[in-house]
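*Asks:* Starting off with a structure, shown below.
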Amino acid sequence: MYDYGESGICIEMKEVTKKYDSISALNGIDMEIPCGARYSLIGPNGAGKSTTLKILVGLLKPDSGKVTVGGFDPVTNQAKGIIGYLPEDAYPYINLTLKENLEYIGAIRGVEDPKSRAMDLIEKLDLLPYRYTKVSQLSRGNRQKLSVALAIVHHPKVILLDEPLNYLDIPTQASVIKMLDDLKATYLVSTHIMEIAEKLSRNVIIIGHGRVTWNGTMDHLRKMAENGERIEEVVARLMKDVA
Numbered sequence: 001m002y003d004y005g006e007s008g009i010c011i012e013m014k015e016v017t018k019k020y021d022s023i024s025a026l027n028g029i030d031m032e033i034p035c036g037a038r039y040s041l042i043g044p045n046g047a048g049k050s051t052t053l054k055i056l057v058g059l060l061k062p063d064s065g066k067v068t069v070g071g072f073d074p075v076t077n078q079a080k081g082i083i084g085y086l087p088e089d090a091y092p093y094i095n096l097t098l099k100e101n102l103e104y105i106g107a108i109r110g111v112e113d114p115k116s117r118a119m120d121l122i123e124k125l126d127l128l129p130y131r132y133t134k135v136s137q138l139s140r141g142n143r144q145k146l147s148v149a150l151a152i153v154h155h156p157k158v159i160l161l162d163e164p165l166n167y168l169d170i171p172t173q174a175s176v177i178k179m180l181d182d183l184k185a186t187y188l189v190s191t192h193i194m195e196i197a198e199k200l201s202r203n204v205i206i207i208g209h210g211r212v213t214w215n216g217t218m219d220h221l222r223k224m225a226e227n228g229e230r231i232e233e234v235v236a237r238l239m240k241d242v243a
């Protein structure tokens, strides 16, 4: 079992800011996600969700503030070794087969038996008929299945997912959710679709204008409904209140 230290916090951001030229993407983001917790990051397009994930995975450097994953700076090898990341519209190596992609990334990630792990994921995601198919010839849905598998091939302890259920049919969504549950990992899912957030998480962080505007449980969010509101309407109201 990986030792995250005494804090029990696996994802931490304090007063994090990020600008693209003159445009502020993050304006002092604060969040603490306990180890083992499952959170969704909810917000409209342009709210800063993808920027937040890219900073947490070490692809972007914040302009200011503190960021740690598993107690480490995201750019360190220690952090990269425990993080699994699925970007939105991920695209694996197109000239390799599905199976070769998984074996290659598994080997790079230090998986003890990458061939066995690859076949395990292929079977769980019902990809066996496509294991020797080049990525360039896969359907969009099967590429997304592969991308999810690549994000978790090394049994990561912290998983960062950007719209992970895109392009997936309902049975495959259920398979992906079970795989994530089985990992017993900490994860943060970025989405703008409440139905996906409800399927994947128990906790919600709402982000707007580059700031956290609400942080709580899914149950609390449901209890905030007024006059028969749907949960999507509650979220929209919370976003409007801070617009």
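Under UniProt numbering, the very last position in the sequence shown is 243; numbers go up by exactly one each time. Ideal Cβ placement from N, Cα and C applies to all residues, glycine included.
1. Within 10 Å of its beta-carbon, does Ser22 have 16 or more other beta-carbons around it, so buried, or fewer, so exposed?
2. Under 7 Å, do Lys14 and Lys80 count as touching if we go by C-beta distance?
3. Please say whether Ser40 and Val204 have beta carbons closer to each other than 7 Å?
4. Check whether the segment 157-168 and the segment 188-199 touch, using three or more Cβ-Cβ pairs below 8 Å as the test.
5. If you compare alpha carbons, which of Asn45, Asn142 and Tyr20 is closest to Thr191?
6. Taking just the CA atoms, how far does Met179 sit from Lys223?
7. Put Met218 into one of helix, strand or coil per three-state DSSP.
8. Curious, which full-length beta strand (DSSP E) runs of at least 3 residues does the segment 29-81 contain?
9. Is it buried or exposed for Lys99, if we count other Cβ within 10 angstroms and need 16 for buried?
10. Counting only runs that start and end within the segment 90-121, where is the alpha helix (DSSP H) found for 4 or more residues in a row?
11. Near Ala185, what residues of its chain come up, given a Cβ to Cβ distance below 7 Å and the 5 sequence neighbours on each side ignored?
12. In the DSSP assignment, what are the bridge partners of residue 256?
13. Give me the Cα-Cα distance between Leu125 and Ser201, rounded to the nearest whole angstrom.
14. In this structure, does DSSP put Gly141 in helix, strand or coil?
15. Compute the minimum distance between the beta carbon of Ile205 and the heavy atoms of the ligand FAD, and state whether it is under 6 Å.
16. Could you tell me the boundaries of the beta strand (DSSP E) in which residue 301 lies?
17. To which residues does DSSP link Glu12 through a beta bridge?
18. Going by DSSP, which residues form a beta bridge with Gly84?
19. Relative to the alpha-carbon of Lys240, which residue among Ile83, Arg38, Tyr104 and Trp214 has its alpha-carbon at the smallest distance?
20. Can you name, in chain order, every residue of its own chain whose Cβ lies under 6 Å from the Cβ of Gln78, other than the five neighbours on each side?
21. For Glu226, which option in Met218, Arg237, Gly216 and Thr217 has the closest C-alpha, if you only look at C-alpha atoms?
22. Look at the Cβ atom of Gly208, then the Cβ atom of Gly43, and state whether they are nearer than 7 Å.
23. Do Asp89 and Thr17 have their C-beta atoms within less than 7 Å of each other?
24. Could you check the C-alpha separation between Thr51 and Leu60 for me, to the nearest Å?
*Replies:* Considering the structure as presented:
1. Taking the first residue of the sequence shown as position 1, residue 22 is located at position 22. The residue is exposed, with fewer than 16 neighbouring Cβ atoms inside 10 Å.
2. Residue 14 sits at position 14 when you count from the first residue of the sequence shown. Residue 80 sits at position 80 when you count from the first residue of the sequence shown. For Lys14 and Lys80, no; Cβs fall outside 7 Å.
3. Start at 1 with the first residue of the sequence shown, and residue 204 comes out as number 204. Start at 1 with the first residue of the sequence shown, and residue 40 comes out as number 40. Their beta carbons are under 7 Å apart, which means Val204 touches Ser40 by this criterion.
4. These segments touch.
5. As a working mapping, residue 191 is identified with position 191 in the sequence shown. Nearest of Asn45, Asn142 and Tyr20 to Thr191, Cα basis: Asn45.
6. Taking the first residue of the sequence shown as 1, we reach residue 223 at position 223. Taking the first residue of the sequence shown as 1, we reach residue 179 at position 179. Roughly 29 Å separates the two Cα atoms.
7. Indexing the sequence shown from 1 puts residue 218 at position 218. DSSP, read as helix, strand or coil, puts Met218 in helix.
8. Entirely contained in the segment 29-81, the beta strand (DSSP E) runs reaching 3 residues are, in chain order, 38-42 and 64-69.
9. Within the sequence shown, residue 99 is the residue found at index 99, counting from 1. Here Lys99 is buried. Its C-beta has 16 or more other C-beta atoms within 10 Å.
10. With a minimum length of 4 residues, the unbroken runs of alpha helix (DSSP H) contained wholly in the segment 90-121 fall at 98-108.
11. Translated into positions along the sequence shown, residue 185 becomes position 185. Scanning its chain for C-beta atoms nearer than 7 Å, with the 5 sequence neighbours on each side dropped, one finds around Ala185 the residues Pro156, Lys157, Val158 and Ile159, in chain order.
12. Here the chain has residues from 1 to 243 only, and residue 256 is not among them.
13. If you number the sequence shown from 1, residue 125 lands on position 125. If you number the sequence shown from 1, residue 201 lands on position 201. Taking C-alpha positions only, Leu125 is separated from Ser201 by approximately 21 Å.
14. Here residue 141 refers to the residue found at position 141 when the sequence shown is read from its first residue. Looking at Gly141 - three-state DSSP - the assignment turns out to be helix.
15. The ligand content of the structure shown is nil, which means the ligand FAD is not present either.
16. Shown here, the chain extends from 1 to 243; a query on residue 301 therefore has no answer.
17. If you number the sequence shown from 1, residue 12 lands on position 12. Paired residues: Glu32 and Thr68.
18. In the sequence shown, residue 84 corresponds to position 84, counting from 1. DSSP lists Ile159 as the beta-bridge partner residues of Gly84.
19. Taking the sequence shown and counting its residues from 1, the one referred to as residue 240 is at position 240. If we check each option's Cα against that of Lys240, Trp214 comes out closest.
20. If you number the sequence shown from 1, residue 78 lands on position 78. Spatial neighbours of Gln78 in its own chain (CB-CB distance under 6 Å, excluding positions within 5 residues in sequence) are listed in chain order as Phe72.
21. Working through the sequence shown from its first residue, we reach residue 226 at position 226. Its Cα nearest to that of Glu226, the residue Arg237 stands out among Met218, Arg237, Gly216 and Thr217.
22. The residue you call residue 208 lines up with position 208 of the sequence shown. The residue you call residue 43 lines up with position 43 of the sequence shown. Yes, these two residues count as a Cβ contact at 7 Å.
23. Locating residue 89 in the sequence shown gives position 89, where the first residue counts as 1. Locating residue 17 in the sequence shown gives position 17, where the first residue counts as 1. Taking the C-beta atoms as reference points, Thr17 is found no nearer than 7 Å to Asp89.
24. Indexing the sequence shown from 1 puts residue 51 at position 51. Indexing the sequence shown from 1 puts residue 60 at position 60. Here the alpha carbon of Thr51 sits roughly 8 Å from the alpha carbon of Leu60.
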